[in-house]
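Presented below is the structure to which this report refers.
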């Protein structure tokens, strides 16, 4: 089983505080999804739509926790500094 790691100081990080609790719920769930499916921090926009969480992604981009990105022909978001805190797909495989 893979785990999505969260820094033990994240609770008081300014980006976390600015993003708000609901958006951090999306951030955490999406992080878990990325680890489970080895997407190296890429979250497809269609997944956010499926989760009905579109309005929650804007604060994550505004605070820099997510960056707009595209991969494999999909639009979406990428976790800032994913590989600094999470094992990459290459490292896991």
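Residue numbers (the working numbering): 219 to 311. Each residue gets a CB set at the ideal place from its N, CA and C atoms; glycine is no exception.
Nearest-angstrom Cα distance between residue 287 and residue 251?
Locating residue 287 in the chain shown gives position 69, where the first residue counts as 1. Locating residue 251 in the chain shown gives position 33, where the first residue counts as 1. Their Cα atoms are separated by approximately 17 angstroms.
Using DSSP with H/G/I as helix, E/B as strand and the rest coil, what is residue 305?
As a first step, residue 305 is located in the chain shown; it is residue number 87 there, counting from the start. Here residue 305 sits in coil by DSSP.
Proximal residues to residue 261 (C-beta, below 6 angstroms), its chain only, five neighbours per side dropped:
Translated into positions along the chain shown, residue 261 becomes position 43. Closer than 6 angstroms at the Cβ level, and outside the excluded window around residue 261, lie 248, 294 and 295.
Give me, in chain order, the residues of the same chain whose beta-carbon lies closer than 6 angstroms to that of residue 292; leave out the 5 immediate sequence neighbours on both sides.
The sequence position of residue 292 within the chain shown is 74, counting from 1. Counting only Cβ-Cβ distances below 6 angstroms, and skipping sequence neighbours, we find 262.
Cβ neighbours of residue 243 in the same chain (closer than 6 angstroms, five flanking residues each side left out):
If you number the chain shown from 1, residue 243 lands on position 25. Contacts found: none.
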